[in-house]
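Participant: Under the numbering used here, the first residue of the sequence shown is numbered 115, with each subsequent residue one higher.
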Amino acid sequence: MRLRAATRGSPLALWQVEHVTALLAPHGVAVAPVVVETAGDQQLDRPIWEIGGKGVFVKEVQAAVLDGRADLAVHSAKDLPSVEVDGLSLAGVPERGEPRDALVGSTLADLPTGALVATGSVRRRAQLAWLRPDLTFTGLRGNIATRLAKADGYAAIVMAAAALERLGMPERAAEVLEPDVMLPQVGQGTLAIEARADDAVAREALALIEHGPSRAALEAERGFLAELGGDCDLPAGAYAVLDDGPGGPVVRVEALLATLDGHVVLRESAVGPVDAAAAVGHRLARRLLDDHGGAALLP
115 MRLRAATRGS PLALWQVEHV TALLAPHGVA VAPVVVETAG DQQLDRPIWE
165 IGGKGVFVKE VQAAVLDGRA DLAVHSAKDL PSVEVDGLSL AGVPERGEPR
215 DALVGSTLAD LPTGALVATG SVRRRAQLAW LRPDLTFTGL RGNIATRLAK
265 ADGYAAIVMA AAALERLGMP ERAAEVLEPD VMLPQVGQGT LAIEARADDA
315 VAREALALIE HGPSRAALEA ERGFLAELGG DCDLPAGAYA VLDDGPGGPV
365 VRVEALLATL DGHVVLRESA VGPVDAAAAV GHRLARRLLD DHGGAALLP
């Protein structure tokens, strides 16, 4: 069997397709990449939240599947809005990789007072501002190589540790930040593979590389984001893991909602059944919004 996979053309996106290809190969499924340029790739001079949020990296890739140019779309799950597109199904979630964020150039403790940190993420900026109110910030866009090439111009830059690992540069991380220091983005380190909802062949193939615990964690995190509005432009993050409960496995979710300046950071956790992971995320968002004042942070 041969399937066509729509993808962005960055080295990291192509690694993701190669990874999916390697997972499917033992099952007799070959994969050919179909490279698509997205709005996010075309507008590198503006912050992501100004040009449409998460969807700027996925809409054109999804369109290639919907119009038949490709059979599936491989995304970084953190780029995928939590509201599914009509006609598409989240058909495959392979085992999650490294979910944490990394500092390149300096550890957090070694950053001097007033240091300039570059990041294109409002989530990262807000949490660093909360931890270190003395820091100053500037935007940073581009693929991994572009951002790393600019690193010497700042005291530090922030990026996903998974990106450094997948491109063979883990040594560039001066520090990998634990989730209790910096809560990751929804889906960070996870791949999300979409197929047409009516394409039974592609969906059956992707079911072969499904990783149940990673799916449950992703559903919990996406449930949180969906309750905030599907593609929240606010500094928000969530991280879920599976754990042993008294009656069997449970999903534990920790989530965060903040102001951009880091003056307000709301953080809460919840536990619930794995088979209702998305609902656990939804309930956690409601607690932050209704019980902890988070609604006042929404636009």
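By construction, the Cβ of each residue, glycine as well, lies at the ideal position given by its N, Cα and C atoms. All values reported here derive from a predicted model rather than from experimental measurement.
Rounding to the nearest angstrom, what Cα-Cα distance links A340 and G407 in this structure?
Facilitator: In the sequence shown, residue 340 corresponds to position 226, counting from 1. In the sequence shown, residue 407 corresponds to position 293, counting from 1. Between A340 and G407, the C-alpha separation is close to 18 Å.
Participant: Please name the residue, chosen from T260, G201 and K192, that lies closest to R237 on a Cα-to-Cα basis.
Facilitator: As a first step, residue 237 is located in the sequence shown; it is residue number 123 there, counting from the start. It is K192.
Participant: Whole angstroms is fine: what's the gap from G326's alpha carbon to A240's?
Facilitator: Mapped onto the sequence shown, residue 326 falls at position 212. Mapped onto the sequence shown, residue 240 falls at position 126. Spanning the two alpha carbons is a distance of roughly 32 Å.
Participant: Go to A387, then tell me how far its beta strand (DSSP E) extends in each direction, as first and last residue.
Facilitator: Residue numbering aside, residue 387 sits at position 273 when the sequence shown is read from its first letter. The sequence shown places Pro at residue 387, rather than the Ala named in the question. V379 to P387 is the extent of the beta strand (DSSP E) around P387.
Participant: Apart from the five residues on each side of it in sequence, which residues of its chain come closer than 7 Å, Cβ to Cβ, to A277?
Facilitator: What you label residue 277 is simply residue 163 of the sequence shown in a count that begins at 1. If we look at A277 and ignore the five residues flanking it on each side, its Cβ neighbours are L126 and I258.
Participant: Residue ranges of each alpha helix (DSSP H) run of no fewer than 4 residues wholly in the region 196 to 262, ordered along the chain?
Facilitator: Counting only runs of 4 or more, we get 236 to 245.
Participant: CA-CA distance, I162 and P140?
Facilitator: One-based indexing of the sequence shown puts residue 162 at position 48. One-based indexing of the sequence shown puts residue 140 at position 26. Confidence at I162 is low in this model, with a pLDDT of 49, below 50, so its placement is unreliable and the value that follows should be read with caution. Near 38 Å, if we compare the C-alpha coordinates of P140 and I162.
Participant: In the DSSP assignment, find the alpha helix (DSSP H) that holds H133 and state where it starts and stops.
Facilitator: The residue given as residue 133 occupies position 19 in the sequence shown. Start and end: P125 to L138.
Participant: At the level of alpha carbons, what is the spacing between L113 and L138?
Facilitator: Shown here, the chain extends from 115 to 413; a query on residue 113 therefore has no answer.
Participant: Could you name the residues of the same chain whose beta carbon sits closer than 8 Å to that of A375, not counting the 5 residues immediately before and after it, in chain order?
Facilitator: Counting from one through the sequence shown, the residue named residue 375 turns up at place 261. Note on residue identity: the sequence assigns Asp, not Ala, to residue 375. A240 and A243, listed in sequence order.
Participant: May I ask which residues mark the beginning and end of the alpha helix (DSSP H) holding G326?
Facilitator: Within the sequence shown, the letter at position 212 stands for residue 326. It spans G326 to L342 - the alpha helix (DSSP H) in which G326 sits, taken as one unbroken run.
Participant: Is it buried or exposed for V143, if we count other Cβ within 10 angstroms and need 16 for buried?
Facilitator: Here the question's residue 143 lines up with position 29 in the sequence shown. With 16 or more Cβ atoms within 10 Å of its Cβ, V143 is classed as buried.
Participant: Would you list the one or two residues that DSSP bridges to Q371?
Facilitator: For the purposes of this step, residue 371 is identified with residue 257 of the sequence shown, where counting begins at 1. Residue identity check: residue 371 is Leu in the sequence provided, not Gln. Per DSSP, A350 and L380.
Participant: Looking at the unbroken alpha helix (DSSP H) that takes in V175, where does it start and where does it end?
Facilitator: Taking the first residue of the sequence shown as position 1, residue 175 is located at position 61. Run containing V175: K173 to L180, per the alpha helix (DSSP H) assignment.
Participant: For G351 versus Q299, is the C-beta spacing smaller than 7 Å?
Facilitator: By one-based count along the sequence shown, residue 351 stands at place 237. By one-based count along the sequence shown, residue 299 stands at place 185. Cβ atoms of G351 and Q299: closer than 7 Å.
Participant: Opposite E289 in the DSSP bridges: which residues?
Facilitator: Within the sequence shown, numbered from 1, the residue matching residue 289 stands at position 175. L217.
Participant: Can you tell me the Cα-Cα spacing of R246 and V295, whole angstroms?
Facilitator: Sequence index remark: in the sequence shown, residue 246 carries index 132 (1-based). Sequence index remark: in the sequence shown, residue 295 carries index 181 (1-based). Their backbone Cα atoms lie some 11 Å apart in a straight line.
Participant: Anyone know if the C-beta pair for P213 and G303 falls short of 7 Å?
Facilitator: Taking the sequence shown and counting its residues from 1, one reaches residue 213 at position 99. Taking the sequence shown and counting its residues from 1, one reaches residue 303 at position 189. In contact: P213 and G303 (Cβ atoms closer than 7 Å).
Participant: Who are D357's beta bridge partners in DSSP?
Facilitator: As a first step, residue 357 is located in the sequence shown; it is residue number 243 there, counting from the start. According to DSSP, which records beta bridges pairwise, D357 is partnered with V364.
Participant: Here's a check: name, in chain order, each residue in its chain whose Cβ is nearer than 6 Å to the Cβ of A189, leaving out the five neighbours to either side.
Facilitator: Here residue 189 is taken as the residue at index 75 of the sequence shown, counted from 1. Per the sequence presented here, residue 189 reads as His, with Ala not at that position. Within the same chain, H189 has close Cβ partners V172 and A306.
Participant: With burial defined as no fewer than 16 other Cβ atoms inside 10 Å of the residue's Cβ, what is the status of D185: buried or exposed?
Facilitator: The residue you call residue 185 lines up with position 71 of the sequence shown. So D185 counts as buried.
Participant: So what does DSSP say about P147, is it helix, strand or coil?
Facilitator: By 1-based counting over the sequence shown, the position of residue 147 is 33. It is a strand residue.
Participant: Considering only residues of the same chain and omitting the five flanking positions on each side of V355, which have a CB-CB separation below 8 Å?
Facilitator: Walking along the sequence shown from the start, residue 355 turns up at place 241. These residues qualify, in order along the chain: A331, V365 and R366.
Participant: Hey, how far is the Cα of E132 from the Cα of T121?
Facilitator: Walking along the sequence shown from the start, residue 132 turns up at place 18. Walking along the sequence shown from the start, residue 121 turns up at place 7. Going from the Cα of E132 to the Cα of T121 covers about 11 Å.
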